[in-house]
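Colleague:
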Amino acid sequence: MANEITATKLLIEAEGNTAKFVGIFINLFDNDPADAQRVERLGANTEQLRDALRAHIGDSTVPFVMSGPSRYGGTAEQRQVIYDHLRGLEAADVASGVFDARMNTEISGGVFVYPEDYAFDGLHFSALGQVKKARGYFDTWKLVLERIAAPAAAASPPSPTEFVARIDAAILNGLDVVSFPGNGGQIVLRGLDEMMRAREQYAILIQRKSGVRRTLARFN
Amino acid sequence: MAETPVIVVIGSSNEAGFLALLDDVPIGDMVRWVGAGGLHPPIPSISEQRPYEVRIPGTRMLTPIRPHSTNVERAIAGVDGGRGTLDYAGARVDVPVDSWLYIRKNASGQAKLRRVLSQESASIANWMFYRDALLGGDVGTEHRVVIDESACPLTRAANWLFYRDALLGGGQGRDLSLFESLTMDAFGSWGTVHFLLDSYTIGSVDLARTKITRSPTSTAPSFTEAVMGRDVMFFANDSVRRVVSFTENSITVDKMLDAVLTGGFCIMTGENACETLADLANPSKCVLQDFTFYLDQNAPVFLTGTDFPNYDATPFQNPHIAYFAGPTINSIAELQFQVRSELSSPLVVVEVGISASMISPFLQGAIPG
Numbered sequence: 098m099a100n101e102i103t104a105t106k107l108l109i110e111a112e113g114n115t116a117k118f119v120g121i122f123i124n125l126f127d128n129d130p131a132d133a134q135r136v137e138r139l140g141a142n143t144e145q146l147r148d149a150l151r152a153h154i155g156d157s158t159v160p161f162v163m164s165g166p167s168r169y170g171g172t173a174e175q176r177q178v179i180y181d182h183l184r185g186l187e188a189a190d191v192a193s194g195v196f197d198a199r200m201n202t203e204i205s206g207g208v209f210v211y212p213e214d215y216a217f218d219g220l221h222f223s224a225l226g227q228v229k230k231a232r233g234y235f236d237t238w239k240l241v242l243e244r245i246a247a248p249a250a251a252a253s254p255p256s257p258t259e260f261v262a263r264i265d266a267a268i269l270n271g272l273d274v275v276s277f278p279g280n281g282g283q284i285v286l287r288g289l290d291e292m293m294r295a296r297e298q299y300a301i302l303i304q305r306k307s308g309v310r311r312t313l314a315r316f317n
Numbered sequence: 168m169a170e171t172p173v174i175v176v177i178g179s180s181n182e183a184g185f186l187a188l189l190d191d192v193p194i195g196d197m198v199r200w201v202g203a204g205g206l207h208p209p210i211p212s213i214s215e216q217r218p219y220e221v222r223i224p225g226t227r228m229l230t231p232i233r234p235h236s237t238n239v240e241r242a243i244a245g246v247d248g249g250r251g252t253l254d255y256a257g258a259r260v261d262v263p264v265d266s267w268l269y270i271r272k273n274a275s276g277q278a279k280l281r282r283v284l285s286q287e288s289a290s291i292a293n294w295m296f297y298r299d300a301l302l303g304g305d306v307g308t309e310h311r312v313v314i315d316e317s318a319c320p321l322t323r324a325a326n327w328l329f330y331r332d333a334l335l336g337g338g339q340g341r342d343l344s345l346f347e348s349l350t351m352d353a354f355g356s357w358g359t360v361h362f363l364l365d366s367y368t369i370g371s372v373d374l375a376r377t378k379i380t381r382s383p384t385s386t387a388p389s390f391t392e393a394v395m396g397r398d399v400m401f402f403a404n405d406s407v408r409r410v411v412s413f414t415e416n417s418i419t420v421d422k423m424l425d426a427v428l429t430g431g432f433c434i435m436t437g438e439n440a441c442e443t444l445a446d447l448a449n450p451s452k453c454v455l456q457d458f459t460f461y462l463d464q465n466a467p468v469f470l471t472g473t474d475f476p477n478y479d480a481t482p483f484q485n486p487h488i489a490y491f492a493g494p495t496i497n498s499i500a501e502l503q504f505q506v507r508s509e510l511s512s513p514l515v516v517v518e519v520g521i522s523a524s525m526i527s528p529f530l531q532g533a534i535p536g
């Protein structure tokens with residue numbers, strides 16, 4: 098990897114330009130849930146890999162977009178632990194992001210839902226899954242860029258009304274992921290279900306606030 | 168001095184597009200990637216339309232140059248009725264017996280490889296066929312025969328080269344590893360196949376199938392120090408090995424061959440080519456080339472510019488090269504399309520293969536080469 102980065106830099110410099118690394122996309126970890134030792138080491142080692150890559154590139158803020166296991170390797174619980182590690186990295190670094198590649202892993206009556214996202218081995222992505230993964234990468238990359246560009250804005254969470262508006266915009270635009278600051282960290286909603294559930298909660302908050310205002314107005 | 172945006176894409180078999188079949192890509196997506204251009208269906212499904220090649224301007228892939236030798240392209244002027252002999256236009260090129268020709272396209276749409284048995288003035292006669300008995304159909308002027316020597320277009324090759332011998336069986340993918348020293352297991356490119364002129368006939372093979380003595384009737388030169396560390400391609404059983412020692416008339420290779428060999432072999436040149444992981448850091452041994460869709464009649468693998476080589480990228484299927492049941496595709500096509508839309512300058516993509524289980528137990532400290 099280091100050599101390839103070096104060669105890329107030199108080739109671009111030979112053209113009279115400079116290389117600007119705008120993103121690292123990494124889809125690994127599929128076999129890592131195989132045992133507890135790997136699972137436990139994964140977060141720290143991924144952090145080392147990320148930092149070493151950035152150091153070699155010479156830019157500590159290169160967006161680092163991670164995608165974890167989808168369907169194979171270990172159990173669903175082990176895969177969740179891996180995603181927890183990756184999300185920990187995401188939460189600690191404004192330039193890191195996670196795309197949840199566990200697309201359509203629900204089992205309904207013993208049958209995977211939406212199997213078209215997977216190849217006939219039931220483990221690897223199909224062509225459709227590859228396209229979805231690329232879009233997930235891209236959406237996550239965009240979120241990371243937004244966070245990098247506006248850290249100050251990120252510090253002040255939007256109002257519940259703005260939350261709902263953002264979720265609505267994400268749903269209408271077909272985004273797989275939407276993210277904004279809140280609860281002292283970064284709230285990341287993945288998939289339509291999470292977005293809809295969050296939207297319901299925020300809508301309730303808005304109603305409660307309105308109720309409080311109406312009550313205050315009545316008693317004042 | 169402008170900034171050229173670069174993205175690095177790292178992944179294992181899932182990123183390599185393992186089992187993600189090209190035929191399953193929605194037409195709308197394919198048209199977005201390659202442009203309309205009358206491509207409907209975007210990927211020709213019939214052999215007459217192959218080889219199929221579309222270059223995507225605006226996105227370039229880092230591509231190591233593979234072992235090769237120089238070549239010259241000649242238009243085919245005619246073939247005999249049995250399609251076993253062809254004439255080519257231009258001056259006679261001395262093509263040694265047993266060297267290989269790459270027929271870029273014939274009427275059946277297949278890029279084919281043929282081996283020279285003998286040649287006459289301005290013609291190459293009496294093919295010994297590798298895959299098919301005869302050239303398919305007529306051969307017209309648009310077809311090219313690639314012969315050795317002269318200017319060498321930069322070869323296109325695989326970037327997914329980090330394989331080791333964790334075998335899954337024939338026709339299956341192999342695990343990717345950063346820990347195998349990079350061996351360019353085969354040579355050539357899909358547009359033009361390059362080959363060395365010196366080829367040998369096997370005389371005998373030892374019991375361990377690692378020491379190969381050339382036939383005493385071979386006219387090729389004796390082995391010298393130059394063969395050390397080079398890759399040897401054996402014609403008969405689709406295998407490539409690396410030379411670890413030699414005598415004047417024999418070579419010893421690094422790993423046992425799969426079967427008792429007959430036929431011949433050749434030793435590939437690595438001049439200006441990536442042969443080791445360290446070479447990847449050498450910009451004279453890599454190129455930035457357009458993101459390319461390529462599909463050949465005989466290709467079991469769909470090339471996206473830097474991933475797996477295919478049959479016709481290499482004269483022989485190589486046991487070290489993963490191949491799948493059909494043309495495959497990974498996420499690069501869609502990702503480069505989306506990312507490029509956000510950028511004002513052409514994009515460069517660096518693709519790196521790594522094992523799916525290498526991240527947790529092994530990676531400590533510095534990045535492996």
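Chains as they are written, first to last, in the numbering used here: chain G, 98 to 317; chain A, 168 to 536. Beta carbons are placed, not taken as given, at the ideal position from N, Cα and C, and that holds for glycine.
Is the beta carbon of residue 119 of chain G less than 9 Å from the beta carbon of residue 176 of chain A?
Modeller: Result no, Cβ atoms of residue 119 of chain G and residue 176 of chain A do not sit closer than 9 Å.
Colleague: Residue 317 of chain G CB to nearest chain A CB: under 9 Å?
Modeller: Reliability fails at residue 317 of chain G, whose pLDDT of 46 lies under 50, so the model's placement of it is uncertain and the value that follows must be treated cautiously. So, not an interface residue.
Colleague: Can you find the residues in the same chain that come closer than 8 Å, C-beta to C-beta, to residue 169 of chain A, ignoring five residues on each side of it along the sequence?
Modeller: Within the same chain, residue 169 of chain A has close Cβ partners 512.
Colleague: Could you tell me the alpha carbon to alpha carbon distance between residue 187 of chain G and residue 196 of chain A, rounded to whole angstroms?
Modeller: Going by the C-alpha atoms only, they are around 30 Å apart.
Colleague: If you draw a straight line from the alpha carbon of residue 190 of chain A to that of residue 265 of chain G, how long is it in whole angstroms?
Modeller: One C-alpha to the other measures close to 34 Å.
Colleague: With DSSP run on the structure shown, which of helix, strand or coil describes residue 272 of chain G?
Modeller: Three-state result, residue 272 of chain G: coil.
Colleague: List in chain order: all unbroken alpha helix (DSSP H) runs of 4+ residues lying wholly within the segment 114 to 192 of chain G.
Modeller: Complete alpha helix (DSSP H) runs here, min 4: 133 to 154, 173 to 189.
Colleague: Anything in the segment 184 to 198 of chain A with a Cβ closer than 7 Å to a Cβ of chain G? List those residues in chain order, please.
Modeller: Listed in sequence order: 184, 185, 186, 187, 188, 189, 191, 192, 196.
Colleague: Taking only the alpha-carbon atoms, compute the straight-line gap between residue 326 of chain A and residue 229 of chain A and give it to the nearest angstrom.
Modeller: In this prediction, residue 326 of chain A scores a pLDDT of 22, lower than 50, which makes its location untrustworthy; the coordinate-derived value is nonetheless stated afterwards. So the two alpha carbons sit approximately 8 Å from each other.
Colleague: Just confirm the distance between the C-beta atoms of residue 187 of chain A and residue 152 of chain G, as a whole number of angstroms; I'd bet it's less than 8 Å.
Modeller: Incorrect: roughly 33 Å between the Cβ atoms, too far for contact.
Colleague: Is the beta carbon of residue 172 of chain A less than 9 Å from the beta carbon of residue 117 of chain G?
Modeller: Yes. Within cutoff.
Colleague: Looking at residue 233 of chain G and residue 273 of chain G, is the spacing between their C-beta atoms short of 9 Å?
Modeller: Yes, they are a contact pair.
Colleague: Just tell me which of G/229, G/199, G/302, G/191 has its CA closest to the CA of residue 276 of chain G.
Modeller: The option with the nearest alpha carbon to residue 276 of chain G is G/191.
Colleague: Which of helix, strand or coil does DSSP assign to residue 194 of chain G?
Modeller: Strand, per DSSP.
Colleague: Of all the options G/171, G/158, G/231, which has the alpha carbon lying nearest to the alpha carbon of residue 123 of chain G?
Modeller: Cα-wise, what sits closest to residue 123 of chain G is G/231.
Colleague: Going by beta-carbon coordinates alone, are residue 285 of chain G and residue 184 of chain G separated by less than 9 Å?
Modeller: For residue 285 of chain G and residue 184 of chain G, yes; Cβs fall inside 9 Å.
Colleague: Specify the secondary structure class of residue 224 of chain A as computed by DSSP and reduced to three states.
Modeller: Note: residue 224 of chain A maps to strand in three-state DSSP.
Colleague: Considering only their Cβ atoms, is the gap separating residue 135 of chain G from residue 168 of chain G smaller than 9 Å?
Modeller: Going by C-beta atoms, residue 168 of chain G is not nearer than 9 Å to residue 135 of chain G.
Colleague: Determine the direct distance from the alpha carbon of residue 216 of chain G to that of residue 195 of chain G, and round the result to whole angstroms.
Modeller: Each residue's alpha carbon lies about 23 Å from the other.
Colleague: Considering residue 381 of chain A, what are the terminal residues of the beta strand (DSSP E) in which it resides?
Modeller: Run containing residue 381 of chain A: 378 to 381, per the beta strand (DSSP E) assignment.
Colleague: In this structure, does DSSP put residue 199 of chain G in helix, strand or coil?
Modeller: Note: residue 199 of chain G maps to coil in three-state DSSP.
Colleague: By the three-class DSSP mapping on this structure, what secondary structure does residue 501 of chain A have?
Modeller: The answer is helix: DSSP assigns residue 501 of chain A an H, G or I state.
Colleague: Is any beta-carbon of chain G found at less than 9 Å from that of residue 324 of chain A?
Modeller: With a pLDDT of only 26 at residue 324 of chain A, under 50, the local geometry of the prediction cannot be trusted, and no value is derived from it.
Colleague: Can you look up residue 257 of chain G in the DSSP assignment and give me helix, strand or coil?
Modeller: Residue 257 of chain G falls in the helix class under three-state DSSP.
Colleague: Might you give, ordered along the chain, the residues of its own chain that have their beta carbon closer than 6 Å to the beta carbon of residue 164 of chain G, omitting 5 neighbours on each side?
Modeller: Excluding positions up to five away in sequence, the list reads 124, 196, 198.
Colleague: Provide the residue span of the beta strand (DSSP E) that contains residue 108 of chain G, from first to last.
Modeller: Here residue 108 of chain G belongs to no beta strand (DSSP E); instead the alpha helix (DSSP H) covers 99 to 111.
Colleague: In its own chain, which residues sit with a C-beta less than 8 Å from the C-beta of residue 292 of chain G, not counting the 5 before and 5 after it?
Modeller: Same-chain partners within the cutoff: 264, 267, 268, 275, 286.
Colleague: Tell me whether residue 171 of chain G is buried or exposed, calling it buried when 16 or more other Cβ atoms sit within 10 Å of its Cβ.
Modeller: Residue 171 of chain G comes out buried.
Colleague: Rounded to the nearest angstrom, how far is the Cβ of residue 449 of chain A from that of residue 104 of chain G, given a contact under 8 Å?
Modeller: At roughly 7 Å, the Cβ-Cβ gap stays under 8 Å, so residue 449 of chain A and residue 104 of chain G are in contact.
Colleague: Along chain A, which residues have their Cβ under 7 Å away from the Cβ of residue 105 of chain G?
Modeller: Neighbours of residue 105 of chain G on chain A, chain order: 173, 229, 515, 517.
Colleague: Run the CB neighbour count on residue 345 of chain G, radius 10 Å, all protein chains shown included, and call it buried at 16 or more, exposed below.
Modeller: In the structure as shown, chain G starts at 98 and stops at 317, and residue 345 of chain G therefore has no counterpart that could be examined.
Colleague: Quick one: does residue 180 of chain G have its CB under 9 Å from some CB of chain A?
Modeller: Not closer than 9 Å to any Cβ of chain A, the Cβ of residue 180 of chain G fails to qualify, so no.
Colleague: Residue 212 of chain G: buried (16+ other C-beta within 10 angstroms of its C-beta) or exposed?
Modeller: It counts as exposed.
Colleague: Tell me the DSSP secondary structure of residue 174 of chain A in three-state form.
Modeller: Three-state result, residue 174 of chain A: strand.
Colleague: Measure the alpha-carbon distance for residue 161 of chain G versus residue 238 of chain G and round it to whole angstroms.
Modeller: If you take the alpha carbons of residue 161 of chain G and residue 238 of chain G, they lie about 8 Å apart.
Colleague: Straight-line CA distance for residue 107 of chain G to residue 137 of chain G?
Modeller: The alpha-carbon atoms of residue 107 of chain G and residue 137 of chain G are separated by roughly 37 Å.
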